[in-house]
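Chains as they are written, first to last, in the numbering used here: chain X, 1 to 561; chain F, 1 to 705.
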């Protein structure tokens with residue numbers, strides 16, 4: 001087999017898993033999957049090593065799912081793996097970190113022989129229990145647990161399992177529909193793989209697997225070898241539930257590997273914001289990989305040199321039965337904490353801190369007592385601002401490190417009797433700097449007449465806004481309150497009576513560098529666009545009153561400042 | 001030169017004009033006989049190139065412009081105006097609370113592995129976006145009324161700002177356009193000279209980001225396109241043209257110049273749409289129901305699925321991708337469009353080796369200046385054309401009709417320097433790698449496009465056109481497992497020919513959500529009647545006489561899913577709609593696409609579409625030559641050509657396309673040359689000259705692929 005043929009097959013495998021991911025988007029039910037892309041898809045060799053993963057997807061899933069297939073092989077047992085099988089789990093520790101992620105694995109047989117596995121993961125809108133939120137005290141309260149087991153045995157679907165799922169979740173049609181979608185997408189991947197193997201006359205994937213893994217390993221090691229061989233520590237404190245959480249990180253570049261260790265990090269929290277190690281590892285690895293080896297495709301070999309360790313019972317290595325439903329909050333903060341250390345090893349590469357965790361909330365709507373409306377679970381994903389980069393402003397209302405999208409509010413409003421009254425940029429929320437932090441956003445949510453709801457808040461950075469780098473200022477913190485002024489908490493389930501709305505302001509990213517060094521044209525532009533107010537232009541960037549008046553006049557005339 | 005001898009417009013004389021990035025292609029057909037020319041596009045005044053081209057073909061055909069019976073025009077001007085941001089001073093009026101929808105996009109990064117990613121700027125900066133109160137809910141009911149005085153206050157600010165064009169996009173207006181209508185009314189009263197576009201008319205579809213972006217794009221290019229179309233009409237009239245002028249739209253049909261001026265966003269990608277129509281016409285001649293059209297030029301390759309002789313259509317696509325053609329990096333436009341995938345793979349695409357020691361090709365292109373290294377115009381980096389030359393696929397002396405002499409030494413040197421040295425390969429192996437990578441990129445794009453549309457390519461026929469396609473089509477077929485490929489005559493100006501084959505057509509769509517458990521045959525009847533009337537009226541405005549056919553499509557999904565699959569309904573299914581039939585049709589297609597159905601779930605119809613169209617131009621069916629009956633052509637000469645399927649150089653027959661007469665064949669490996677291109681016949685294929693001039697590449701019996 002020539003070098004060129006191997007290159008072609010590697011590209012092909014990446015295209016195969018992208019097809020697999022697209023099939024999932026097309027057939028999924030939960031808006032988290034079909035609109036927001038909270039999913040991942042990948043192909044593995046018979047040893048459970050990931051060979052390729054879809055570009056569509058989010059880092060927390062992708063890097064976590066890389067480890068999952070080996071657990072499936074071990075639990076199911078090689079002797080019990082048959083053509084037509086499909087396996088399932090939502091185990092937080094052997095899957096992707098919480099019960100709301102369902103991972104499904106399908107063995108791929110070619111000419112009667114096991115040649116590999118397809119796996120995919122998606123975040124479903126409900127899994128029973130207390131509902132998606134931080135309030136549980138143990139994983140037992142967070143919903144239905146599906147151990148690694150067969151969803152289909154030699155093509156025959158386990159109807160008992162589906163009945164149990166249906167009976168335990170709030171949106172049974174959506175969840176069962178999503179399970180079918182996950183199975184379908186593996187099937188699509190399998191069909192394409194078989195076509196490829198026939199075209200190239202392959203009996204197995206061993207040759208191509210070796211080629212992919214060897215090239216990826218070598219390229220990754222070259223990048224690590226080029227770094228300063230040193231270590232540094234960093235830390236970041238965020239709100240947590242009732243008590244703040246400190247993430248303490250030591251990053252050490254050691255020749256053929258980078259070790260990230262979380263010793264000194266806060267312990268597990270009584271509430272469901274704990275993070276299984278697999279998920280923290282996924283984001284630590286993502287943070288470093290995107291900084292030093294971004295174009296090397298994700299696979300077992302390109303991920304392996306990024307080693308992540310954490311003492312047991314720290315919040316980044318929570319053990320069963322800790323509650324973990326909102327493990328994404330800590331997980332999404334891991335990159336900022338890692339960068340606090342890595343910036344000391346290689347300055348000028350990583351961004352200032354950003355909003356970090358997604359600004360998600362779920363509303364559980366129901367008719368008021370005696371009313372006739374409908375019940376619904378509606379989950380939304382939203383983003384604050386990302387941190388400013390050394391040479392670029394932060395991105396406004398754009399997810400980092402997560403890779404998911406927001407849902408169109410028109411789609412959200414079809415999913416239940418919810419009204420999104422506002423979703424727009426939040427001026428003055430981006431930290432000032434030579435490069436400005438990305439803006440956060442405002443949202444306002446209510447229900448249709450005749451409905452009340454519980455809002456499951458999953459916000460952070462209310463007391464600990466994103467910190468700037470190199471003299472850049474902090475981003476604006478999170479705020480949340482009812483429209484009648486009643487206070488609300490950034491985390492937890494909170495009742496909202498009929499007719500009331502919840503007003504939220506999501507955090508901005510921090511600035512990078514001294515604000516006085518910001519190019520004047522960018523300050524004028526920001527003022528004209530309303531990214532910054534007149535007050536901030538004067539205070540943070542020293543704009544004179546006549547300059548401010550000139551911008552306002554130009555905008556009124558429809559001209560550029 | 002006008003009226004002394006000419007009898008006036010003759011319906012059998014038609015002119016097709018395609019303004020492309022480099023060339024303006026002009027095709028004049030007189031009683032079915034084509035006269036072609038290519039002139040350089042004149043960016044400052046695109047109508048100049050049209051006039052010049054028209055004069056040339058009229059002279060060739062010895063007719064006067066007033067004899068032309070119909071002119072059909074397609075153009076990249078709308079696309080370019082969006083890419084280059086050369087539109088009007090435009091404002092958006094939107095719902096309070098949603099000022100930033102077009103800027104916030106999907107709130108995600110389309111490339112997750114780039115810390116320095118920049119998102120494309122929205123067409124309108126924030127200070128050009130205004131909000132009004134008023135709110136419609138997801139059932140179409142008014143939650144908050146829109147107060148006229150609030151609209152007037154915003155319109156006053158727009159007046160002060162001196163805007164030339166205004167887009168109106170309000171939440172859920174696809175379900176209830178009344179509030180958008182009110183805004184338009186206020187604008188018309190206060191600013192009668194300002195151009196207005198409203199989202200419920202331009203793109204009545206759910207998902208606010210796509211809809212708002214589409215109406216903004218329409219408003220942004222509307223003054224420019226209206227002015228251009230006005231000038232074009234005037235210039236052509238000065239030349240003596242008296243016939244009507246029509247525009248090709250993105251959906252593959254033709255609309256009047258007035259509709260084009262009102263909905264210019266529908267002209268985006270009209271050139272490539274013409275190419276798809278061209279391929280569909282060839283498919284019809286040959287009775288092919290499943291065709292992959294493959295259009296490869298200098299910078300990009302376009303791939304489109306053509307089923308049942310109709311190009312596949314979609315309701316959303318992306319224009320102006322800003323980041324290596326990456327999905328998500330452009331602007332989504334939701335209009336009826338011929339669904340194609342465009343990737344940065346053309347003859348000019350440049351190759352390099354990345355950090356993974358992988359060969360990468362495109363999307364950066366050498367363009368025409370300096371061009372590939374082999375052009376000898378100072379290009380030092382290897383392009384796909386250089387690889388094709390080194391592999392023997394191109395004759396150095398016969399490129400582009402002999403107008404450019406290619407330099408194999410320069411091509412080899414570039415390949416060695418940029419690819420070979422890093423990978424320890426000679427020039428030939430490097431060229432093999434580059435050609436394989438670009439072919440694989442195109443094959444991957446085709447495969448992903450097929451799966452997104454739920455198609456399996458193995459029973460498809462390819463139709464290849466555009467300057468670079470015939471060089472790569474054979475290998476692409478091998479990669480895709482496609483057994484047959486047609487290279488039609490006139491491939492170099494395929495899009496302009498396609499314009500002349502396109503019917504008058506218009507698709508009317510409406511979002512009305514209905515589950516099969518709440519199936520309402522009466523409501524469906526009324527809805528489809530309304531849509532049919534709307535679509536038919538549009539077409540009737542272009543063509544007063546022809547019969548008009550309508551096709552009804554419904555978009556269905558399991559209730560709760562977000563993406564639909566289109567189901568075409570037969571006339572009887574439309575006349576007497578039954579829930580059971582809808583269910584059967586949906587489940588059959590769903591199972592075919594995704595392997596399994598989901599038991600026990602309700603099924604939902606979301607979008608209803610009626611496409612009205614004049615009959616397709618009648619095609620003369622071609623009786624394909626039986627491969628066994630084909631007579632081997634006499635071989636003029638031979639040259640060594642590298643065959644990637646066997647990874648070595650083989651002796652290939654070389655002959656000129658015009659020496660291949662009907663019914664003759666040549667077995668691969670072979671190269672069939674013509675002025676604009678060369679058809680490479682791999683060892684696995686035999687080329688047969690069909691009666692309509694198509695070169696048919698078929699898998700050789702017992703051959704390898």
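Using N, Cα and C, we set each Cβ at its ideal position, and we do this for glycine too. Keep in mind it's a predicted model, so treat the numbers as computed, not measured.
| query | result |
| --- | --- |
| Who are the Cβ neighbours of residue 532(F) in its own chain at under 6 Å, not counting the five residues just before and after it? | 550, 610 |
| At a Cβ threshold of 9 Å, is residue 90(X) touching chain F? | no |
| Between 477(X), 379(X), 543(X), 409(X), which has its C-alpha nearest residue 453(X)'s C-alpha? | 379(X) |
| Which residues in the same chain as residue 690(F) place their Cβ atom closer than 8 Å to its Cβ, once the five residues preceding and following it in sequence are excluded? | 286, 486, 622, 624, 625, 662, 696 |
| Does residue 608(F) come within less than 9 Å of chain X when only Cβ atoms are used? | no |
| Does residue 455(X) get closer than 9 Å to chain F when you measure Cβ to Cβ? | no |
| Name, in chain order, the residues that DSSP records as bridge partners for residue 120(X). | 41(X), 104(X) |
| Could you check whether the segment 504-520 of chain X touches the segment 424-433 of chain X, counting it as contact only if at least three pairs of C-beta atoms, one from each stretch, sit closer than 8 Å? | yes |
| If we ignore side chains and look at the alpha-carbon of each, how far apart do residue 193(F) and residue 215(F) end up? | 18 Å |
| With H, G and I counted as helix, E and B as strand and the rest as coil, what does DSSP make of residue 375(F)? | helix |
| Could you check which residue in 32(F), 33(F), 53(F), 35(F) has the C-alpha nearest to that of residue 42(F)? | 53(F) |
| Can you look up residue 156(F) in the DSSP assignment and give me helix, strand or coil? | helix |
| DSSP three-state call for residue 296(X): helix, strand or coil? | coil |
| Are residue 677(F) and residue 366(F) touching if we call contact CB-CB under 9 Å? | no |
| By how many angstroms is the C-alpha of residue 339(F) removed from the C-alpha of residue 320(F)? | 15 Å |
| Residues of chain F with CB closer than 7 Å to the CB of residue 421(X), please, in chain order. | 97 |
| Hey, out of 694(F), 18(F), 632(F), 131(F), whose CA is closest to residue 49(F)'s CA? | 18(F) |
| Sorted by chain position, which residues of the same chain lie with C-beta nearer than 7 Å to residue 6(X)'s C-beta, five sequence neighbours on each side aside? | 208, 211 |
| Starting from residue 61(X), follow the alpha helix (DSSP H) in both directions and report where the run begins and ends. | 59-76 |
| Do you know how far the Cα of residue 114(X) is from the Cα of residue 18(X)? | 22 Å |
| Going by C-alpha distance, which of 13(F), 32(F), 28(F), 15(F) is nearest residue 620(F)? | 32(F) |
| In angstroms, rounded to a whole number, what distance separates the CA positions of residue 159(F) and residue 88(F)? | 15 Å |
| Do you know how far the Cα of residue 51(F) is from the Cα of residue 2(F)? | Because the pLDDT at residue 2(F) is just 43, under 50, the model does not fix this residue reliably, and the point stays unresolved. |
| Check residue 327(F) in the structure and name its three-state DSSP category. | coil |
| Here's the rule I'm using: 16 or more other beta-carbon atoms within 10 Å means buried, otherwise exposed. How should residue 351(F) be labelled? | buried |
| Taking a cut of 7 Å between CB atoms, which residues from the segment 154-168 of chain X lie near chain F? | none |
| Is the beta carbon of residue 336(F) sitting closer than 9 Å to the one on residue 314(F)? | yes |
| Taking the beta carbon of residue 312(F) as the centre, do at least 16 other beta carbons fall within 10 Å, making it buried, or is it exposed? | buried |
| State the DSSP-derived secondary structure class of residue 494(X), mapped to helix, strand or coil. | strand |
| Using a threshold of 9 Å, state whether the C-beta atoms of residue 326(X) and residue 133(X) are closer than that. | yes |
| Measuring alpha carbon to alpha carbon, tell me which residue in 9(X), 144(X), 177(X), 85(X) is nearest residue 602(F). | 177(X) |
| Could you pull out every residue in the same chain whose Cβ sits closer than 7 Å to the Cβ of residue 410(F), ignoring the five residues on either side in sequence? | 373, 374, 376 |
| Output the distance between the C-alpha atoms of residue 627(F) and residue 165(X), rounded to the nearest integer angstrom. | 58 Å |
| For residue 108(F), tell me which candidate among 98(F), 99(F), 97(F), 120(F) has the shortest Cα-Cα distance. | 120(F) |
| Between which two residues does the beta strand (DSSP E) holding residue 223(X) run? | Careful: residue 223(X) lies outside any beta strand (DSSP E), inside the alpha helix (DSSP H) at 206-225. |
| Using the rule of at least 16 other Cβ atoms within 10 Å of the residue's Cβ for burial, across every protein chain shown, is residue 230(X) buried or exposed? | exposed |
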